[in-house]
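Undergrad: Here the protein sequences line up with chains A and B, keeping their order.
Numbering-wise (our numbering), the first sequence opens with residue 798 and increments by one.
Numbering-wise (our numbering), the second sequence opens with residue 798 and increments by one.
Protein chains: 2
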Amino acid sequence: MRKEIRVFAPATVSNVGCGFDVMGFALDTPGDEIVLRTTQRSGITITKITGDDGKLTLDPEKNTAGVPIIEMCREFGIKCGIEMEIHKKMPFGSGLGSSAASAVGATFALNHLLELNLSNKELLRFAQAGEMIASGSEHADNVAPCLYGGFILIRGYKPVDIVTLSSPENLFCTVIHPHIEISTKESRKLLPESIPVNDAIAQWGNCAALVAGLLTGDYELIGRSIEDHFAEPVRGKFIPQYAQIKEAALKSGALGCNISGSGPSVFALSSDLETAKKVGAAMKSQLDKIELASDIYISGINRKGPKIIELI
Amino acid sequence: MRKEIRVFAPATVSNVGCGFDVMGFALDTPGDEIVLRTTQRSGITITKITGDDGKLTLDPEKNTAGVPIIEMCREFGIKCGIEMEIHKKMPFGSGLGSSAASAVGATFALNHLLELNLSNKELLRFAQAGEMIASGSEHADNVAPCLYGGFILIRGYKPVDIVTLSSPENLFCTVIHPHIEISTKESRKLLPESIPVNDAIAQWGNCAALVAGLLTGDYELIGRSIEDHFAEPVRGKFIPQYAQIKEAALKSGALGCNISGSGPSVFALSSDLETAKKVGAAMKSQLDKIELASDIYISGINRKGPKIIELI
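(1) Assign B/K918 to one of three DSSP states: helix, strand, or coil.
(2) DSSP three-state call for B/K1104: helix, strand or coil?
(3) Please check if any C-beta of chain A sits within less than 8 Å of the C-beta of B/L1052.
(4) Are the C-beta atoms of B/D779 and some chain A residue less than 8 Å apart?
(5) Among A/I846, A/I1098, A/G1033 and A/R952, whose alpha-carbon lies nearest the alpha-carbon of B/I1023?
(6) Reducing DSSP to helix, strand and coil, say where A/P1030 ends up.
(7) Sorry if obvious, but does the Cβ on A/E1088 come closer than 7 Å to a heavy atom of the ligand FAD?
(8) Return the Cβ separation of A/L1052 and A/G1020 in integer angstroms, given the expectation that the two are a contact with Cβ distance under 8 Å.
(9) With 8 Å set as the bound, which would you pick, yes or no: does the beta-carbon of B/E990 sit closer than that to a beta-carbon of chain A?
(10) For A/D958, which residues in chain B fall below 7 Å Cβ to Cβ?
(11) Does DSSP put A/M756 in a helix, a strand or coil?
(12) Would you report the Cα separation of A/G947 and A/T904, rounded to the nearest angstrom?
(13) For my contact list, B/A823 and B/P942 are in at a C-beta cut-off of 8 Å; report their separation, rounded to the angstrom.
(14) State buried or exposed for B/N939, treating a residue as buried only when at least 16 other CB atoms are found within 10 Å of its CB.
(15) Could you pull out every residue in the same chain whose Cβ sits closer than 6 Å to the Cβ of B/Y1039, ignoring the five residues on either side in sequence?
(16) Hey, does B/M820 have any beta-carbon neighbour from chain A nearer than 8 Å?
(17) Does the beta carbon of B/I951 come closer than 8 Å to any beta carbon on chain A?
(18) Quick check on DSSP: helix, strand or coil for A/D996?
(19) So, with DSSP's three-state summary, where would you put B/F822?
(20) In whole angstroms, give me the CA-to-CA distance for A/V960 and B/S1067.
(21) Given that a residue counts as buried once 16 or more other Cβ atoms are within 10 Å of its Cβ, and exposed if not, what is A/E1071?
(22) At which residue ranges does the segment 932-990 of chain B contain complete alpha helix (DSSP H) runs of 4 or more residues, listed in the order of the chain?
(23) How many Å lie between B/I1036 and B/I1087 at the Cα?
(24) If you follow the alpha helix (DSSP H) that B/N908 is in, where does it begin and where does it stop?
(25) A/A808 CB to nearest chain B CB: under 8 Å?
(26) Within the same chain, show all residues whose beta-carbon is closer than 7 Å to that of B/V957, passing over the 5 residues directly before and after it, in chain order.
(27) Beta strand (DSSP E) containing B/C1054: first to last residue?
(28) Which partner residues of A/M881 appear in the DSSP bridge assignment?
(29) Can you tell me whether A/L1066 is helix, strand or coil according to DSSP?
(30) Please check if any C-beta of chain A sits within less than 8 Å of the C-beta of B/P975.
(31) Out of curiosity, what's the CA-to-CA distance linking B/G874 and B/I867?
(32) Grab me the residues of B/H884's own chain with a C-beta within less than 7 Å of its C-beta, minus the 5 sequence neighbours each way, in chain order.
(33) Can you list the residues of chain B that A/P993 reaches, using a CB-CB cut of under 7 Å?
(34) Would DSSP call B/R1021 helix, strand or coil?
(35) Quick one: is A/Q783 near chain B, going by C-beta distance under 8 Å?
(36) Using only the alpha-carbon positions, how far apart do B/Q964 and B/S934 sit?
Structure, rendered in C-alpha cells:
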C-alpha cells in the first residue's frame, strides 16, 4: 500500500458571469496542496494547516477537506488511519473556490492513495459534502470544474448532471484578488429570491450563448455572453472599484469580465496571453488608485483538474 | 424585373422547452405560402387569403405579412405596386409560428422578387415588425428559425443577437396539434412576472445543456434538457391531456417532449423517423380518448428556412 500522497487542486472561477450555480472553469494557478498519509493509528487527523492565518479548524468533522475523507472512509469501510496536511496556497473568501480546492484535493488524494478507482462522478459527491461545510449549499460549480478540469456545466442537481464543455485553446484568464474577504454563505443571503422574467430570459440567453461560443471557438460570442443580470448588480457593490476594474479590463482587450464566484475576485477572459497580462495591469491600476492591495493571477484554462505532485 | 414569386415559409417550434423567448427551430412541414406580384398600380394590396376561415384581415397595415412589406417599401423607396396572396397551410393560434411564417414568407419573397439582396439579419427586422402585430411583442424565437432554418438561439434583444446552432442529422420532430386555439397575446399575460431563483437556475442550466447537446450530437442530453420550469406549469393546464400526451411520447421513445410556443401544439424530438412516427400515434391516441380532433406532423429539422417555389 502507498504511504503518502501530495496533490495539487486548482482554483476555479464559478458562475462565469451568466451561469450562476451552473457553470465554472478551472485555472492552472493558483491552487491548494493536500498531503495524505496512511497511519497505524486509526481515525482521521488533520496534523497541519499552512497559509490560512490560523483561520481553519483542525477538527476534521468541521473542515472542508476533512468531511469528504470521513465520508469516504465510512462508505468504503476504510480501517487504516489517515493523516492530512492542508497547504492553502490561494486566498480564501476570495471567490476562487478555495474550499472546493481543498475538498477536491482531499477526495482525489484518498482515491489515489488507497487505489479506490472511483470515477469523477463518484468523487464529486464526497467533494460536494465538503463544500457544504464551507458554503452552506451543495452547489457544484466550483467542485465540479476543480475535479474535472476545463469548463463545466451542471445541467441540474436532481441528480447532479455534469456536462464537460470543450473550449478554444487560446483562452486565458486574468484574475484580480482585492485584499478584502467576502463570505460565500453571507453573500448568498443578499441575493433576491426571485428574478424578473426579462432578466431571467436575458440570463438564459447568455448561458446558452456562452456554451455555443465555447464549443464553436467563437471568442467574440464568449465575450458578449459574459453578462450577469442576477448576482452582479448585488455583489458588484461590495467590490471596491468594480465598475472601473471591469471597464479597464474590457478597454484593454478582454473578451469579457465579471465577478468570480461570490467575489471579491474579478476574472477576465482574453484570447491571447499578452492581452491577459495587459488586462491584469489595467485591473490592478484601478485598485492601486485607492491603495487597496491586490494579487493578479494570469492562467490558462486547467483542462485536467487536480494532479499528483508526489506519491510514495 | 421579375413579376411574380411564390415562396414557402416553414412552421417553427419556439421555446423548445427550456428556451423561453430565446430558442426555436424550423420544420420541413407544415408551412405557409406567400405569392407576391409587382403591379403598375402603386400601393400594397392583399388580394387573397386562403386557409384562414376568414379570420385574417386583408388590410395590409394590420396583417402580419402586410406590415413587413409596407416597412420594406417605405425604407427602400419602392415605388411599384405589390399584390400579395397569403395561403395559410398551417393552423394558426396553434403554437407553430403561423404569424412568423407569413411575416418571414412575405419578407423573403419581396427580397427575391425585387432583388434587394438583403441579408437575413436585415430581413429579420422587418419580419419582427410583422410578428409584433400578431403577438404584441417583437420576440424572435419563431421568426429567426423560420428565416435562418435549423436551431436558433437569440442571445439577446438589445440589439438582436442571433446564434445559429448546428444539430445532429438524425433529429426528427413530431408535432400534435389539438383542434383548439390559444392566442399568443392572451397566453403571455398569464405567465408570472418573476421566477423563483431555483427555477431560474434550473432553466438556464437546461438552456445551456440543450445547446451543448445539439452542438455535440448528444441525443440523451438534448432529451434531458427539454424541461421547462417557467411556462409549462401555466400553459400545460390549457392543453387537454397534456400530461398524458407527454408521458405517452416519452414512453414511446421520444428524447424529450414539451409545449410548442404558447401551445396548444406539443412537440417531441426523436433520434429516428420510425420512433417519431410511433410517438405521433401514441400522442394522438391520448386525444382520441377524449374525442378531440388533432393533426400530427412528422418532420425533419428544416435547415434552410424559406424557399422559392416559383419565380416568374
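Backbone N, C-alpha and C define an ideal beta-carbon position, used for all residues, glycine too.
TA: A quick look at the data gives this:
(1) Correct three-state label for B/K918: helix.
(2) Strand, per DSSP.
(3) The beta carbon of B/L1052 does not come within 8 Å of any beta carbon belonging to chain A, so the residue lies off that interface.
(4) Chain B is shown from 798 up to 1109; residue 779 of chain B falls before or after that span and cannot be answered.
(5) Nearest option by C-alpha distance: A/R952.
(6) If DSSP states are grouped into helix, strand and coil, A/P1030 belongs with the helices.
(7) Of ligands this structure carries none, so the ligand FAD is not represented either.
(8) Between A/G1020 and A/L1052 the Cβ distance is about 3 Å, and since that is below 8 Å, they are a contact.
(9) Chain A, which has a Cβ nearer than 8 Å to the Cβ of B/E990, makes this yes.
(10) Listed along the chain, the chain B residues whose CB falls inside 7 Å of the CB of A/D958 are R1021.
(11) The shown model of chain A, from 798 to 1109, leaves out residue 756 of chain A, and the question about it has no answer.
(12) Straight-line measurement puts the Cα of A/T904 at about 18 Å from the Cα of A/G947.
(13) Indeed, because the Cβ distance is near 5 Å, the residues count as touching under 8 Å.
(14) So B/N939 counts as buried.
(15) The answer, listed in chain order, is G1033.
(16) Cβ-Cβ to chain A under 8 Å: yes for B/M820.
(17) Yes, B/I951 lies at the interface with chain A (some Cβ there is under 8 Å from its Cβ).
(18) The answer is helix: DSSP assigns A/D996 an H, G or I state.
(19) B/F822 falls in the strand class under three-state DSSP.
(20) Rounded to the nearest angstrom, the two C-alpha atoms are 21 Å apart.
(21) Burial is judged here by how many other beta carbons sit within 10 angstroms of a residue's own beta carbon; A/E1071 has fewer than 16 and is exposed.
(22) You should have 940-945 and 981-986.
(23) Cα to Cα, B/I1036 sits roughly 12 Å from B/I1087.
(24) S895 to L910 is the span of the alpha helix (DSSP H), which, as asked, contains B/N908.
(25) Output row for A/A808: interface = no.
(26) Cβ within range, chain order: L921, A937 and I951.
(27) From DSSP, the beta strand (DSSP E) with B/C1054 extends over G1053 to I1056.
(28) According to DSSP, A/M881 shares a beta bridge with A/L833 and A/I843.
(29) Of the three classes helix, strand and coil, the one that applies to A/L1066 here is strand, per DSSP.
(30) Taking a beta-carbon distance threshold of 8 Å, B/P975 does not count as an interface residue toward chain A.
(31) If you take the alpha carbons of B/G874 and B/I867, they lie about 10 Å apart.
(32) So the qualifying residues of the chain are D829, E830, T847 and G848.
(33) Correct list: E990 and S991.
(34) B/R1021: helix per DSSP, three-state reduction.
(35) Limits of chain A in this structure are 798 at one end and 1109 at the other, which puts residue 783 of chain A out of reach.
(36) Correcting the residue identity first, residue 964 of chain B is Ser in this sequence and not Gln. Cα-Cα distance, rounded: 28 Å.
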